[in-house]
Each structure stands twice: as C-alpha cells, then as structure tokens.
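For the sequence shown, the working numbering begins at 32 and goes up steadily by one. Below: the structure, in structure tokens.
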Amino acid sequence: MPFVLFANVNFVPGRYDDWQAAYDKLGAYVWEKEPTTLTYYFGVPLQYWTHKSDTTHMFAFEVYGERHDLYTTHFSSPAMQDFLAAIPETMTTGLDLKHYEDVGGFLDRFGDKRECELMTDVRITCHENSRDKVLSKLVTLVNGMKDSGSAEVYTLLVLKSLDDNTGVRFYQRFKSWQASTTFARNELVLDFWMTSKEDIASMESQSYIPNGKGWLHRED
32 MPFVLFANVN FVPGRYDDWQ AAYDKLGAYV WEKEPTTLTY YFGVPLQYWT HKSDTTHMFA
92 FEVYGERHDL YTTHFSSPAM QDFLAAIPET MTTGLDLKHY EDVGGFLDRF GDKRECELMT
152 DVRITCHENS RDKVLSKLVT LVNGMKDSGS AEVYTLLVLK SLDDNTGVRF YQRFKSWQAS
212 TTFARNELVL DFWMTSKEDI ASMESQSYIP NGKGWLHRED
C-alpha cells in the first residue's frame, strides 16, 4: 500500500528561490537514485500565481512505496542531508509532515501526467467514529466522477490520516479554475457535503498552482 505524505513548507519572505535552488539538487538526486519516491509534486498558493518568488508557503504532495522509503531511504540520503543543512535560514518553521493512506480515487485520470492549472487540498476532521462513513461516501463520489464526470477533472484522491482517527484528505487537480468551480457545484459533490454535516466536525481547503517542480508519478 503506497505511503502518502502531505507537507507544508513556510518561507521567510523573499527566500523561496533560495529554497528552490537547494531543492533542485535534491530533486535531481531523488529522481535518479530513489525509484520508490513515486510522486514528488508541489504547489504555491493561488494568490502568488504571478509572483511565485514572493510566496511564503508551499504545499507538497509525495507518495512512497512504503513508510521505510520515506524515513529510511529518503531522509537518510546524502542529498537530503545537504538539503536539510542548506534550508533552515529560508524557512519560518520546521518540516510540517502529515501521513496518509490512499483509500480511493485516481491520481492521473488519463495516464499522461497532463499538468493542471489548479489543485485543491481539502482537509476534513470527522466526528469520533464517523470517519469510515465519510470515507465511504467520498470513494463512491470519486468512482462516479471517474466514470461519468467532467474530462477536466484530472485527480481526485481520498486519503485517510495515519496520524489520528478523524482526519481525511480530499486532493483534487483540475484543468482550469472554471473546472474546479463546476466540480464544486456538481450535484454529487453537493450531495456529499449536505448529507455529511452530522459526521464532519470541520473542513478547510486551499487552492494552489503547480510550481513546475518534481513529478506527478513515474509511469510512462
């Protein structure tokens, strides 16, 4: 079962490019030497779409073959040690890592890694003992979307937190802003939210644009 990581990276204002310069060396190493790093994909908040260098935040979505591939192989590599030594002065916080299991959906609907214009990260906290019900509804939703939904929906992934018993992540990628708003208004999506109110304690979401680094997956 693939091991999924979401991370928040918070930058000192004006230091994003410095952080990326260090990352570029790491990314090249990981692509060549760490085949178990299956996905290495990043975004910056939508409001920085014309000024990426000014961003103070970045979103990371990573998939590994298993937990060992992240915490033993990836974090122990010489390239990672060089990277970790180079970045502290560029960041306002340490690494903020959250761990998940993929329970349903699709990463690349058409299998060709086509780039999205927009991605949305939805974080749900369920009431105690309600998570399985929410996950089941979301998996049904994304299965329906894969079969009959808009061709402009590229990714819909349903993920279960491994850090607690209440967390759910719903990761989405779209061809365009319009595609994302059309998806939000879809009858199946609205039905999920309206029928899950008693099961969900809180929900928040953030939209991002790809930063052009990394890879969605390794398959040709």
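We treat Cβ as the ideally placed atom computed from N, Cα and C, and that holds for glycine.
Less than 8 Å between the CB atoms is what I'm expecting for residue i and residue j, so what's the real figure, rounded?
i	j	result
N39	F90	7 Å
K83	V75	6 Å
T151	Q203	4 Å
K191	Y131	6 Å
R200	R154	6 Å
A186	F137	The amino acid occupying residue 186 in the given sequence is Thr; Ala does not appear at that position. Sure, about 7 Å apart at Cβ, within 8 Å.
L128	L36	6 Å
Y54	F114	7 Å
Can you name the residues that DSSP bridges to residue i?
i	result
S238	T151
W80	According to DSSP, which records beta bridges pairwise, W80 is partnered with nothing at all.
S233	T156
G245	Y72
Could you pull the start and end residues of the beta strand (DSSP E) that residue i belongs to?
i	result
A91	88 to 95
L101	That residue, L101, is in no beta strand (DSSP E); it is neither H nor E in DSSP.
P76	68 to 76
L36	34 to 41
What number of angstroms, rounded off, separates the C-alpha of residue i from the C-alpha of residue j?
i	j	result
E250	T70	10 Å
N196	L166	12 Å
E65	V189	25 Å
F73	Q237	13 Å
H99	T67	10 Å
N174	P241	25 Å
F92	L247	9 Å
F106	I118	14 Å
M176	G243	27 Å
G58	Q51	10 Å
E159	S233	12 Å
V43	P109	25 Å
K164	L149	28 Å
T81	T121	21 Å
T124	S179	42 Å
K144	Q209	20 Å
T226	W62	42 Å
Looking at the secondary structure, which residues open and close the alpha helix (DSSP H) in which residue i lies?
i	result
G58	47 to 64
(message) Give the list of continuous alpha helix (DSSP H) stretches no shorter than 4 residues that lie fully inside the region 198 to 226.
(response) As far as the region 198 to 226 is concerned, its whole alpha helix (DSSP H) runs of at least 4 residues are 208 to 215, 218 to 226.
(request) List in chain order: all unbroken alpha helix (DSSP H) runs of 4+ residues lying wholly within the region 118 to 196. (result) 162 to 179
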